[in-house]
Every structure is written in structure tokens, then in C-alpha cells.
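Numbering (the working numbering), first residue to last: 1 to 350. Think of the CB as a built atom: it goes at the ideal place given N, C-alpha and C, for glycine as much as any other residue. Data first, discussion second: the structure below is written as C-alpha cells.
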Ligand SMILES: Cc1cc2nc3c(=O)[nH]c(=O)nc-3n(C[C@H](O)[C@H](O)[C@H](O)COP(=O)(O)OP(=O)(O)OC[C@H]3O[C@@H](n4cnc5c(N)ncnc54)[C@H](O)[C@@H]3O)c2cc1C
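What follows is the structure, given as C-alpha cells:
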């Protein structure tokens with residue numbers, strides 16, 4: 001008789017050192033500089049002890065509170081790191097510009113999530129907003145009208161604790177949750193869904209953002225202040241054609257993005273996934289005309305949403321120059337040299 005795999009089958013990971021799992025994670029992932037700050041460990045910790053804020057992931061009082069359950073290691077995409085790269089599998093690629101929303105580029109992330117809400121695929125989605133100093137905070141969005149707030153759309157080049165908020169969203173969702181994240185966050189979500197099936201049922205739509213790197217807010221804030229950025233007037237930040245551009249209500253400050261090299265976190269320096277290849281659909285600015293977003297539609301759920309957008313005439317469409325997306329994706333591959341030897345063998349075609 002065939003033995004069915006039970007939903008509660010658990011593979012307990014092997015410890016590398018005779019210490020609590022948290023200490024194993026801390027030594028192998030955080031202290032070694034591999035941690036991407038995706039915050040999946042913080043979400044799953046059953047005692048809510050792992051904190052992810054504007055600093056390295058930590059569990060301050062682990063000695064008293066950690067119950068050594070191994071969940072943090074089970075969901076960490078960098079514990080047994082298999083670096084992903086390239087464009088990944090897809091059904092189609094389009095350039096799009098929403099007619100309803102204003103966003104970083106063509107507001108197609110917002111358009112897809114709004115449409116998923118209207119279609120009833122999800123009943124909430126998590127967006128990253130900002131305060132006047134551009135510190136990130138996470139918002140639970142339940143209506144299309146909320147997405148008209150331009151502080152909630154657009155790119156914030158700072159880590160955001162989106163994943164820990166899933167726990168709250170899980171308590172109240174009926175139809176499912178929509179998530180948006182950088183490539184490492186998407187990988188965290190997929191590992192979470194693999195290890196804990198309840199998240200497979202509840203997280204229904206996952207958007208990935210193209211990403212070269214992210215920053216700690218306090219470091220980027222100080223850097224930009226030194227450059228003369230007035231945060232009370234700042235309306236947009238962008239990285240385009242090798243330049244960081246801060247647009248204020250009355251002026252603009254720009255400088256070569258490589259000037260930020262000294263504050264790029266280690267966890268980003270070992271990442272070679274530019275397009276978030278594990279997402280349902282990925283969105284970025286490169287490859288499309290200004291004002292449009294490049295959208296990589298990877299599966300049937302994303303294609304259904306795209307069809308819905310087209311049927312309702314919610315967006316204009318244009319052409320994507322694939323060579324540009326490939327070029328940026330290949331550029332990130334240069335970071336392969338930063339990946340520790342033991343994980344390099346996990347890179348496909350390396
Ligand atoms: C850190 C970072 C680096 C990026 N680097 C590149 C790059 O090198 N090349 C490129 O082509 N594109 C990059 N992007 C993606 C690009 O900036 C746009 O987000 C993308 O083109 C989608 O634009 P849009 O107008 O369709 O999105 P919008 O409709 O404006 O929606 C953007 C969504 O992203 C969410 N969001 C904003 N900041 C964050 C954050 N820090 N973490 C998680 N979610 C967030 C918002 O809440 C919103 O839901 C990056 C994005 C981020 C966050």
C-alpha cells in the first residue's frame with residue numbers, strides 16, 4: 001500500500017554545532033554575512049523572539065525564551081543556500097502602465113494586486129509605506145481605494161518587515177493574501193510554504209521586485225542627508241542607469257550608485273537573483289520605456305490577472321527589450337565570486 005505523505009511530516013534539520021538552533025542560524029547565516037534580512041525566521045518564531053528591524057536580525061533574550069524548535073532554520077533560504085539566477089521560467093513578458101494608479105514606474109505591481117482583489121483571488125495584501133524620514137512600515141491593504149495613496153506605492157530602498165506581518169494577516173484572511181517582496185523575500189516565502197503547508201493555502205499571489213540591492217534605513221538616511229537631501233521635501237527615490245536619484249518638490253540630487261557600495265549589506269553582496277525567479281510574477285523598471293513596468297508573468301494565476309487587466313482596459317501595454325533585462329541579470333552574476341565555496345556548487349550552470 002502506498003504511504004501518503006502526511007501534512008505534519010517534519011524533517012528536523014541537523015545541527016552543525018551543539019547549541020540551540022537559533023545559535024546555529026546566527027553563526028552560519030547571520031554572523032557569516034549570508035543573511036538577506038528577508039525576516040522569514042522572525043515570522044515563524046513561535047515565541048516571537050526573533051526581531052527584524054533596521055538592524056541585523058537578532059534574538060536578544062534567546063537564552064530564556066528560545067524553545068529550540070528548529071523552525072527558524074527550516075524556513076531560512078540561506079541556511080542551505082541555493083543561489084538562484086537568470087530570468088527564470090515564464091509564460092509571457094509585457095511592459096505595462098496602469099491607468100488607475102501612480103507608482104514607481106508603471107504601477108503594475110499595484111494594478112496586479114488591485115485586480116487580484118477585485119477578482120476575489122485575495123482579500124488583503126501587504127504594502128510598504130513610509131514616514132516623513134522614509135522609514136518603512138507595513139500596511140494591510142483591503143481595498144482598491146487604499147492603493148491610491150502614493151506613499152504606499154513606489155520603491156523604498158530600505159528593508160521592510162513585510163513577512164512578520166503575514167502572521168497577523170493569516171488570522172483574518174478568508175480568501176488569501178497577496179505579497180510583494182524583493183527576490184530574497186520571495187525565496188523566504190517559498191521556503192515557508194514548503195515547510196509549513198498552511199502558508200501554501202493562505203498566500204495566494206506573490207509579486208517579486210527586480211532587485212540589485214537594498215539598504216538599512218539608518219545608513220541610507222545618513223548618506224542621503226550628507227548629500228544634501230531634504231527629507232521633508234523628498235517625493236521619490238530611484239536607481240536608474242547607474243545613478244541614485246532623489247527627487248524633491250523643488251530640486252533633484254543624483255550621484256553614481258556605486259558611491260553607496262560601502263553600505264550595501266553583505267547579504268545582498270552574495271545574491272545573484274535579479275528577477276525574483278520564484279515569484280508568480282516579477283516586476284521591474286529595466287527593459288521598458290520610462291513610465292512603464294516590465295512584468296514577467298510566470299504562471300497561470302499571474303496570467304489570469306493579466307487577462308483581467310486587459311479585459312477591463314486597466315493598463316496600456318508596450319514592448320520589453322529583453323536584452324536589457326538579461327544584461328542586468330547577468331551583471332548581478334558577477335557577485336558569484338562573493339558566494340562562499342560550499343554554496344557555489346549549488347548554482348545551476350556554474
Ligand atoms: C530595494 C529595491 C531595489 C530595486 N532594484 C531594482 C533594480 O535594480 N532594477 C529594476 O529594474 N527594478 C528594481 N526595483 C523595482 C522597482 O523599483 C519597482 O518597484 C518596480 O519596477 C515596480 O514598479 P511599479 O511602478 O510597477 O510598482 P508600484 O505599483 O509602485 O508598487 C511597488 C510595490 O513595492 C512595494 N515596496 C516598496 N518598497 C519595498 C520594499 N523595500 N520592500 C518590499 N516591498 C516594497 C510597495 O509597497 C508597492 O506595493 C527595486 C525595488 C526595490 C524595493
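Residue 255 has its Cβ no nearer than 7 Å to any heavy atom of ligand 1. Boundaries of the alpha helix (DSSP H) harbouring residue 198: 198-202, taken from the DSSP string. Annotation: residue 89 is outside any beta strand (DSSP E) and is labelled neither H nor E by DSSP. Judged by their CB atoms, residue 266 and residue 33 are nearer to each other than the 8 Å cut-off. As summarised for the segment 269-350, the continuous alpha helix (DSSP H) elements at least 4 residues long and confined to that stretch are 300-311, 322-332 and 341-344, given in chain order. When DSSP states are grouped into helix, strand and coil, residue 29 belongs to the helix group. Counting C-beta atoms within 10 angstroms of its own C-beta, residue 214 has 16 or more neighbours from the protein chains shown and is therefore classed as buried.
The Cβ atoms of residue 83 and residue 188 do not sit closer than 8 Å to each other.
Contiguous beta strand (DSSP E) elements confined to the segment 47-128 occur at 92-98, taking only those with 3 or more residues.
Going by C-alpha positions, residue 332 is about 19 Å away from residue 342. With a cut-off of 7 Å, the C-beta of residue 251 is classified as distant from ligand 1, since no heavy atom of the ligand falls inside that distance. With respect to the 8 Å criterion, residue 198 and residue 279 are not classified as neighbours on the basis of their beta carbons.
One alpha carbon belongs to residue 20, the other to residue 66, and they sit about 8 Å apart.
Counting of Cβ neighbours within 10 angstroms places residue 16 among the exposed residues, the total staying below 16. It is roughly 7 Å from the alpha-carbon of residue 71 to the alpha-carbon of residue 41.
As DSSP reads the structure, residue 248 sits in a beta bridge with 234. By the Cβ criterion, the segment 99-107 is in contact with the segment 284-300, since at least three pairs of Cβ atoms, one from each stretch, lie closer than 8 Å.
The C-alpha of residue 10 lies about 11 Å from the C-alpha of residue 194. Within the same chain, no Cβ atom closer than 7 Å to the Cβ of residue 171 is found once the five residues on either side in sequence are excluded. When DSSP reads this structure, residue 256 sits in a beta bridge with 243.
Under the criterion of beta carbons closer than 8 Å, residue 158 and residue 138 do not qualify as touching, at roughly 12 Å. Contact between residue 295 and residue 96 holds: CB atoms are separated by about 5 Å, below the 8 Å threshold. In the three-state reduction of the DSSP assignment, residue 12 falls in the coil class. The continuous stretches of beta strand (DSSP E) do not include residue 152, and DSSP gives it neither H nor E.
Under the DSSP definition of a beta bridge, residue 209 partners with 283.
Closest by C-alpha distance to residue 175, out of 119, 99, 281 and 300, is 119. As computed with DSSP, residue 178 is found in a beta bridge with 125 and 205.
Exposed is the label assigned to residue 322, since fewer than 16 other Cβ atoms lie within 10 Å of its Cβ.
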